[in-house]
Amino acid sequence: VWIGLHEPTPDEFADIATAFHLHELAVEDAVKSSQRPKLEQYEDMIFAVVRTARYVEHGQLTETSEVIETGAVMLFIGEHYVITVRHGSACRLRPVREELEARRELLAQGPWAVFHGVVDRIVDVYLEVAAALETDLDELEATVFSRNRSSNIQEIYQLKRELVEFKRTVMPLQRPLQVLVSGQITSVPKEPRRYIRDVNDHLQRVVEQVVAYDDLINSVLQARLAQVTVDQNNDMRKIAAWAAIAAVPTAIAGIYGMNFDHMPELHWKFGYPLIVSVIVASCATLYRFFRRADWL
């Protein structure tokens, strides 16, 4: 028997919990969507929590960027039944049910075949999310090192935040799958365990990708911050150069603006043209010097 529920309330789930004699602690966790991935063994059943994730395309969930939408699937696995409680819409289980109904040899393996189908579907979506993240990272990296540098630090931080959210979803699932693969839970038949081992291999690939992406986005962030620092230094050099050029006429004008009685050049007919020429020549010389030094 496979019973599937989507975001049930405690009252809605109470009748099922009573009918299948589910443990109250597992029932309490099942109606909450914020559980971490875990695997708990009770007297006559196994309770598992698996986080789901999917990449929402631009404009579908927000107007600003793509984001990773997360959710959870809780599984109660008994000797002759499976109960799934799904939170969020990150991973729909209808394709899993249709595949099992179409392949009776899988369904004949019992409740653990359903567990494998559900987790396999979730990890397959992980791979899709990882591929989408890789594409975004490649585009972001190319933009950061392009001439126009159109990317900003906010975009990098936003992608990093989504990567952290995905990392929190993927990484904790390693332990529950390793427990099942290692045979610590004896109620898992041999054949489904082989399929779960294959899912675990796919999960390890996702984990490796996430770790690599995390290192890459940190490198991109550091590179962009270094570029910002260099740009700021260039701006400061330009400001300093123009300030030095402006200081020359300011100083000369300040000298001849003093109210002294004896300044002979003020009464010389070539005094004004000479001072203007000195100002222009000094400013031109400084401008040429700063241009050669690549300050302007």
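So the sequence shown is residues 3 to 298, counted in the numbering used here. All C-beta atoms in this analysis are idealised placements derived from N, C-alpha and C, irrespective of residue type, glycine included.
With distances taken between CA atoms, Ile-124 lies nearest to Val-98 out of Gln-211, Val-98 and Val-222. In the same chain as His-89, and ignoring 5 residues on each side of it, the C-beta atoms closer than 7 Å to its own belong to Glu-9, Ser-35, Gly-73 and Ala-74, in chain order.
In chain order, Val-208 and Gln-211 place their CB closer than 6 Å to the CB of Ala-132, counting only its own chain and leaving out the 5 sequence neighbours on each side. The straight-line gap separating the alpha-carbon atoms of Ala-21 and Phe-15 is approximately 10 Å. Take Arg-199, set aside five residues on each side of it, and the residues of its chain with a beta-carbon closer than 8 Å to its own are Val-183, in chain order. Leu-108 carries a helical assignment under DSSP once its states are collapsed to helix, strand and coil.
Secondary structure at Ile-187: coil, using DSSP grouped into helix, strand and coil.
Taken in chain order, the complete beta strand (DSSP E) segments of 3 residues or longer contained in the region 43 to 91 are 48 to 58, 69 to 79 and 84 to 89. Burial is judged here by how many other beta carbons sit within 10 angstroms of a residue's own beta carbon; Asp-138 has at least 16 and is buried. The shortest CA-to-CA distance from Val-121 to any of Arg-195, Val-146 and Leu-142 is the one to Arg-195. The secondary-structure analysis by DSSP pairs Gly-6 across a beta bridge with Thr-86.
Only residues of its own chain outside the window of five on either side were considered, and among them Glu-68, Val-69, Ile-70 and Leu-135 have a CB closer than 8 Å to the CB of Glu-164, listed in chain order.
Secondary structure note for Arg-94: it is in no alpha helix (DSSP H), with a DSSP letter that is neither H nor E. Shown here, Leu-175 sits in a helix according to DSSP, grouped into three states. Here Leu-165 is not bridged, per DSSP, to any residue.
With a cutoff of 7 Å on beta-carbon distance, Leu-179 and Asn-154 are scored as not near each other. Nearest Cα to Thr-252 within the set Met-47, Ser-221 and Ile-281: Ile-281.
Residue environment for Thr-86: buried (at least 16 other C-beta atoms within 10 angstroms of its C-beta).
Secondary structure of Leu-24 (DSSP, three-state): coil. Residues of the same chain with a CB within less than 6 Å of the CB of Arg-38, apart from the 5 flanking positions on each side, are Pro-174 in chain order. The DSSP-derived three-state label of Lys-40 is strand.
Around the beta-carbon of Val-213, fewer than 16 other beta-carbon atoms lie within 10 Å, marking it exposed.
Comparing C-alpha distances from Thr-287 to each of Gln-176, Gly-256, Arg-177 and Trp-244 shows the shortest one belongs to Trp-244.
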